[in-house]
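Contents: one structure, followed by commentary.
Protein chains: 2
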Amino acid sequence: MTASARKSFHAIKAEMARRIAERVWAPGALIPGEEVLAVEFDCARATVNRALQELARGGVLVRKRKAGTRVALHPMREARFVIPIVRQEIENKGGIYQFRLLSNQVEKAPQSIAERLGLAKGKAMLHVRSLHLSNSKPYQYEDRWVNLDAVPSIRHETFETISPNEWLVTHSPFSQAEIVFHAALADPEEAAILDVRERDSVFIIERLTYLPQKPITYVRMIHPGSHRMVTQL
Amino acid sequence: MTASARKSFHAIKAEMARRIAERVWAPGALIPGEEVLAVEFDCARATVNRALQELARGGVLVRKRKAGTRVALHPMREARFVIPIVRQEIENKGGIYQFRLLSNQVEKAPQSIAERLGLAKGKAMLHVRSLHLSNSKPYQYEDRWVNLDAVPSIRHETFETISPNEWLVTHSPFSQAEIVFHAALADPEEAAILDVRERDSVFIIERLTYLPQKPITYVRMIHPGSHRMVTQL
DNA sequence: ATCATTATTATGTATATACATATTATGTCA
DNA sequence: TGACATAATATGTATATACATAATAATGAT
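In structure tokens form, the structure reads like this:
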């Protein structure tokens, strides 16, 4: 037995992860209790607890009071994608960012949008359409509806120097959100704006942001189909 | 010190989150130190520490030793998508799951695959193609290449009762992975398998899994374009 | 002034202890 | 047997204390 002389929860966590990866602790198996592990690793129970909790949050362990801790049977792992501000995303890739405002006016919310935000149909909302370009090529078409009740001051913003996304991120950050990814075929309008062929494939990100009990905005961000979202896990 | 209820780090975390959301603590601002907060919330510093650490992990706070803790300027938040086992995904949605093996044989890796996995071109790999169905309708076409060196025992698996994904998840779990999402147009083969029109839009998830220094598998999971990946954040 | 050294400080971690809470196992009574 | 109360137990959380570490601020030497 490798009597680990380590006492940091990082090391303990790593050793536990190793045991799981190498199936010393098999999927579904009950692992020793915190007290036992504390003795084995020669540390306090709190230290073991922290390591176990972090592994549990990561999804590789499942913990239940009294029942104990077991290795997750199906490590239903999660991929984490950062949803960056487009400008940063483009600049990080070395592209030159440009922004073009297509329209910016108060309109009556169509059924689909109002429904999605839980507002009354026909409610006056700000409708902003814009295009983000990388190296002068269309990168993302942004179609946004903003609840004026939630962010009244946006009404007078012209978006000549700042994109609606950046404006909102800095004026109403830390909201909650629901995000959807999917693929679709470009409709004629989208195809024209993104400069792709009609009925080419596009990658769509929809984001609904809200504060508790107060919807803020619904955005549809449309990328050419070649756009790739990458993450490690 | 009043006869206060138990001060839990959950409550403290929630209160701090509220302050951030309502801009009592503005973006970029330095917030009070742990000691100060511990006095304010009438709890131990460790309790404040835990709340702060969790918020920091969530990305709304940025902590630096000696420098203190400040509210994140650009809450470049990340969306977390669970990448479930298809069968579970389908069953969770109330569908009846079926699995159809399309092909399962050792082949020489084509250039593109070998490159992606960092292996020599022409290397013998297991190539498994299968289709997952929900309520008898094509749900996901899975095109997988497995590095036989990494999981030699897979060679003799017939996949008649278990899908390659489930086999790998239970026999080689807890690997690392790189995941890519994008949209594309179905090629004739994919369209036929998924029963969509040729040049319809498809949603593609590519996943590359590996253990340190050892690529395991490359999978291309192709969904009809209507497929939606949803998450909250 | 500039650079290197040291002191200071906020966060990071470890520990013993105590009690809380959820859940299972057990026992009791009808 | 079955319903229900009760004990047992593993994890969850809170706390005081102590020391570690990173990064800044202050200090001194050149």
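If you read the sequences in order, they're chains Y and X.
So for the first sequence, the working numbering puts the first residue at 1; every next one is plus one.
So for the second sequence, the working numbering puts the first residue at 1001; every next one is plus one.
Ideal placement from N, C-alpha and C gives every residue a C-beta, glycine not left out.
A quick note: this is a predicted structure, and the numbers were derived from the prediction, not measured.
- One alpha carbon belongs to Y:V128, the other to Y:L30, and they sit about 54 Å apart.
- Taken through DSSP and simplified to helix, strand or coil, Y:H10 comes out as helix.
- Residue state for Y:L208 is assigned as strand, using DSSP reduced to three classes.
- At a cut-off of 4 residues, the continuous stretches assigned as alpha helix (DSSP H) that sit fully inside the region 1023-1080 of chain X are 1034-1041, 1045-1057.
- The alpha-carbon separation between X:V1071 and Y:L168 amounts to approximately 17 Å.
- Using a 10 angstroms sphere on the CB of Y:I96, the tally of other CB atoms stays under 16, which defines it as exposed.
- Note that the region 1147-1155 of chain X does not touch the region 200-214 of chain Y; fewer than 3 beta-carbon pairs, one per stretch, sit closer than 8 Å.
- For Y:S201, the nearest CB of chain X lies under 8 Å from its own CB, placing it at the interface with that chain.
- For X:L1185, the closest of Y:N135, Y:G58, Y:G225 by C-alpha to C-alpha distance is Y:G225.
- Cβ-Cβ separation between Y:T47 and Y:N147: approximately 47 Å, too far for a contact (criterion under 8 Å).
- Boundaries for Y:P110: no beta strand (DSSP E) harbours it, and the DSSP string shows neither H nor E there.
- For Y:I222 against Y:Y139, the beta-carbon gap comes to about 10 Å, at or over 8 Å, which does not count as contact.
- Residue nearest to Y:I193 within the set Y:V36, Y:E40, Y:S130, Y:R18 is Y:S130 (criterion: CA-CA distance).
- With respect to the C-alpha of X:D1143, the residue from X:E1115, X:S1134, X:R1100 having the closest C-alpha is X:R1100.
- Within 7 Å of the CB of X:T1231, the CB atoms of chain Y belong to I179, in sequence order along the chain.
- In terms of beta-carbon proximity, X:R1116 stays away from the interface with chain Y, with every pair separated by 8 Å or more.
- For X:L1185, the C-beta contacts it makes with chain Y under 8 Å involve D200, S201, G225, in order along the chain.
- Along the region 1010-1026 of chain X, going in chain order, the ones with a CB nearer than 7 Å to a CB of chain Y are I1020, A1021.
- Burial check for X:E1198: the Cβ neighbour count within 10 Å stays below 16, so the residue is exposed.
- Within chain Y, no residue has its CB atom less than 9 Å from the CB of X:R1063, the nearest being about 17 Å off.
- Pairing X:F1203 with X:A1191, the inter-Cα distance amounts to about 12 Å.
- Excluding the 5 residues flanking it on each side, Y:A150 has same chain C-beta neighbours closer than 6 Å at K214, I216, in chain order.
- Annotation: X:Q1213 is outside any beta strand (DSSP E) and is labelled neither H nor E by DSSP.
- A Cβ-Cβ distance of about 18 Å is found for the pair X:L1073 and Y:A177, leaving them out of contact under the 8 Å criterion.
- Just so you know, the alpha carbons of Y:G68 and Y:P164 end up roughly 49 Å apart.
- The beta-carbon of Y:L194 is placed no less than 8 Å from the nearest beta-carbon of chain X.
- Look at X:I1083 here: in three-state DSSP terms it is coil, with no helix or strand label.
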